[in-house]
Amino acid sequence: MAIPLVPKLLRAHLAELAAEDMRHDGRGRFESRDVELEIDCLTRAEGSARVRMGDTIVFAGVKFQIMTPYPDRPNQGGLMCSAEVRPVAGRQWEPGPPSPQSIELGRVVDRGIRESGCINTEDLCIIPGEKAWQVILDLFAVSDDGNLFDAFALAAIAALKSATIPAERFEAGEDMPLEVSKTPIMCSYHKVGGRFVYDADRREELGGDERIHITLGDDDHVHSLQKGLKGIFTAAEFAEIMNEARSRCAELRDLVDKAIEGE
Amino acid sequence: MGGYGDVQCIDENGIRLDGRKIDEVRPMSIEVGVVPVADGSARMTWGLNDVIAAVYGPMEAHPRKIQRQDRAVLDVRYNMAPFSTTDRIRPGFNRRSREISKVTAEALESVVLTELYPRSKIRVEIEIICAEAGTRCAGITAASVALAHAGIPMTDLVVSVASGKVHDIVVCDLNKEEDNYGEADLPMGILPNSGELVFLQMDGDLSPDQFQEAWDYNMEAAKVVHKHMVEALKRGEA
Numbered sequence: 186m187a188i189p190l191v192p193k194l195l196r197a198h199l200a201e202l203a204a205e206d207m208r209h210d211g212r213g214r215f216e217s218r219d220v221e222l223e224i225d226c227l228t229r230a231e232g233s234a235r236v237r238m239g240d241t242i243v244f245a246g247v248k249f250q251i252m253t254p255y256p257d258r259p260n261q262g263g264l265m266c267s268a269e270v271r272p273v274a275g276r277q278w279e280p281g282p283p284s285p286q287s288i289e290l291g292r293v294v295d296r297g298i299r300e301s302g303c304i305n306t307e308d309l310c311i312i313p314g315e316k317a318w319q320v321i322l323d324l325f326a327v328s329d330d331g332n333l334f335d336a337f338a339l340a341a342i343a344a345l346k347s348a349t350i351p352a353e354r355f356e357a358g359e360d361m362p363l364e365v366s367k368t369p370i371m372c373s374y375h376k377v378g379g380r381f382v383y384d385a386d387r388r389e390e391l392g393g394d395e396r397i398h399i400t401l402g403d404d405d406h407v408h409s410l411q412k413g414l415k416g417i418f419t420a421a422e423f424a425e426i427m428n429e430a431r432s433r434c435a436e437l438r439d440l441v442d443k444a445i446e447g448e
Numbered sequence: 076m077g078g079y080g081d082v083q084c085i086d087e088n089g090i091r092l093d094g095r096k097i098d099e100v101r102p103m104s105i106e107v108g109v110v111p112v113a114d115g116s117a118r119m120t121w122g123l124n125d126v127i128a129a130v131y132g133p134m135e136a137h138p139r140k141i142q143r144q145d146r147a148v149l150d151v152r153y154n155m156a157p158f159s160t161t162d163r164i165r166p167g168f169n170r171r172s173r174e175i176s177k178v179t180a181e182a183l184e185s186v187v188l189t190e191l192y193p194r195s196k197i198r199v200e201i202e203i204i205c206a207e208a209g210t211r212c213a214g215i216t217a218a219s220v221a222l223a224h225a226g227i228p229m230t231d232l233v234v235s236v237a238s239g240k241v242h243d244i245v246v247c248d249l250n251k252e253e254d255n256y257g258e259a260d261l262p263m264g265i266l267p268n269s270g271e272l273v274f275l276q277m278d279g280d281l282s283p284d285q286f287q288e289a290w291d292y293n294m295e296a297a298k299v300v301h302k303h304m305v306e307a308l309k310r311g312e313a
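Line order of the protein sequences matches chains X and B.
Going left to right, the first sequence walks through residues 186 to 448 as my numbering numbers them.
Going left to right, the second sequence walks through residues 76 to 313 as my numbering numbers them.
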């Protein structure tokens, strides 16, 4: 990612706004941008979703492959999640092999889904020790105006929940929906002007400090946490955003459930 | 091009698998401004193809070795998203996408007034979200709309269309089955205002008459596509 040249001025500006408890786009501290969620939007994918949060736009696509189960887990299939932020998504994203940033993105989203246990890998077994389904979730950013983490995570779970296992094409039985038993949701908070805000946009990311990503499951269980970038935070700050995350995750979970029900 | 295979792509009445006549173009739509953070962008659906093109720049050209003292360079990347095809594509460049990126850059450099921006670069990103057949044509077409949307001075838009041959019949704008089972493919990049060409490829087998027929189909199809491009840009202005 190109090193931004303006953060000093931007930081000062965001700090001034923070002192007045304001954000540069007029939102409250824990207010999100408008969220749009559309499922089944990619013809060639077996499950797909498009998420728009402000000017951040991402796709998630699910594909299936047949794999040989690992010798130590002969009756389990697999889940693979990869995020790719290609240069189409913004002038700061450069071509080349995956950057550490996009690898972190993919891994944090992957952990939230994997650790929630929403996909039972034993369900993916076709013939123990011989054949199993590998679920491949590809996250693709179209436009990065900040907070790709939450956009990716939301698109990811929605795409999985809308996915169909294409068994007929692989001559492995009848097509069937992929069982996804939970709805893990990620909420990300960025330190901007000395306090945490929810759903930072690109300018707040540029002029901010550390970020914290929280993934919560259906029952408010914590499934993944990640602190990124340089910065120091207190236990009280963390307790505050954790509390915010619980209510916001519930709202977003409803959004996903409605989209899937309306299918 | 594959052989005939078992698939009957055209019936006895000259109707194709997707219901089109042999000289008919697949339905399409174009929308600009789909990548809000880019300087210009366009999304084109063409049959089952779904393509996003984004333009960034003109901006400083780096690394410096790519700079040209007298003009801008076009840094074009054509890429297929992993979920854009029936079998997943492993991310990363391959020989096919490199070649398409190169010929696309050369087609677009033929119309962009690059000499207005010495030592700079213009980034053109073409992402295939969903692929049917003719993704390179859709990519070039969408990219030229995105360049216009970014306000980059150009002598003309570039309309790219392909015709080919299936069961020894020349057909306009190949679909997936025709691409797989057909005998020839002739993609062209046409300047709609002058009828000149900036892009040309061909593979397969065409007699001189069939070649002329395919060529003429492309010229006619370009008019249809051009209309969509202009309308999308006008809507984007409003």
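Built from N, CA and C at the ideal position, the CB exists for glycine as well.
- Sorting F337(X), I426(X) and K415(X) by C-alpha distance to the C-alpha of Y383(X) places I426(X) at the top.
- H398(X): member of the beta strand (DSSP E) spanning R396 to L401, first to last residue.
- Annotation for L414(X): D394, E395 and R396 place their beta carbon closer than 7 Å to its own, counting only its chain and skipping 5 residues before and after.
- Taking a Cβ-Cβ cut-off of 7 Å, the neighbours of E269(X) in chain B comprise P166, given in sequence order.
- Exclusion of the five residues before and after P259(X) leaves P313 and G314 as the residues of its chain whose Cβ lies within less than 7 Å of its Cβ.
- When secondary structure is reduced to three states using DSSP, A424(X) falls in the helix class.
- Here Q287(B) is exposed: its Cβ has fewer than 16 other Cβ atoms, across all protein chains shown, within 10 Å.
- Counting along the chain, no beta strand (DSSP E) covers I175(B); the unbroken alpha helix (DSSP H) around it starts and ends at R170 to E184.
- At a cut-off of 8 Å between beta carbons, A352(X) makes no contact with chain B.
- Short of 6 Å from the beta carbon of L275(B), and not among the five residues preceding or following it, lie these beta carbons of its own chain, in chain order: M263.
- Residue-level contact by beta carbon holds for S233(X) and chain B, with a gap shorter than 8 Å.
- Not a single CB atom of chain B sits nearer than 8 Å to the CB of A203(X).
- F418(X) carries a coil assignment under DSSP once its states are collapsed to helix, strand and coil.
- As far as DSSP is concerned, P313(X) takes part in no beta bridge.
- In the three-state scheme derived from DSSP, where H, G and I count as helix and E and B as strand, N124(B) is classed as strand.
- Around the beta-carbon of R310(B), fewer than 16 other beta-carbon atoms lie within 10 Å, marking it exposed.
- Interface flag for D329(X) against chain B is set, since a Cβ pair is found closer than 8 Å.
- For T216(B), no beta strand (DSSP E) run applies; the uninterrupted alpha helix (DSSP H) run containing it begins and ends at T210 to H224, by DSSP.
- With a minimum length of 3 residues, the unbroken runs of beta strand (DSSP E) contained wholly in the segment 215-246 of chain X fall at 220-224 and 232-238.
- In the three-state DSSP reduction, T349(X) falls in the strand class (E or B).
- Using a 10 angstroms sphere on the CB of H406(X), the tally of other CB atoms stays under 16, which defines it as exposed.
- A contact between stretches requires three or more CB pairs, one per stretch, nearer than 8 Å, and the segment 203-223 of chain B meets this requirement with the segment 119-136 of chain B.
- Distance from the Cα of V247(X) is smallest, within the candidate group L202(X), I342(X), G211(X) and G379(X), for I342(X).
- Taking a beta-carbon distance threshold of 8 Å, I227(B) does not count as an interface residue toward chain X.
- W278(X) carries a coil assignment under DSSP once its states are collapsed to helix, strand and coil.
- Contacts with chain B (Cβ-Cβ distance below 9 Å) from the segment 288-301 of chain X involve no residue at all.
- With a threshold of 16 other beta carbon atoms within 10 Å, G257(B) meets it and is buried.
- Boundaries for S301(X): no beta strand (DSSP E) harbours it, while the alpha helix (DSSP H) harbouring it runs P285 to S301, taken from the DSSP string.
- Rounded to the nearest whole angstrom, the CA to CA distance from V294(X) to L339(X) is 9 Å.
- Contact check for E99(B) and C247(B): beta-carbon distance about 7 Å, within the 8 Å limit, so the pair qualifies.
- With respect to chain B, the C-beta atom of A230(X) has a partner C-beta closer than 8 Å.
- Judged by DSSP in its simplified three-state form, R152(B) adopts strand.
- With 16 or more neighbouring CB atoms inside 10 Å of its own CB, T210(B) falls in the buried class.
- Of the residues E221(X), P362(X), I417(X) and A385(X), the one whose Cα lies closest to the Cα of S373(X) is A385(X).
- Between A113(B) and V151(B), the beta carbon gap of about 14 Å keeps them out of contact (Cβ cut-off 8 Å).
- Y256(B) is bridged by DSSP to nothing; it lacks a bridge partner.
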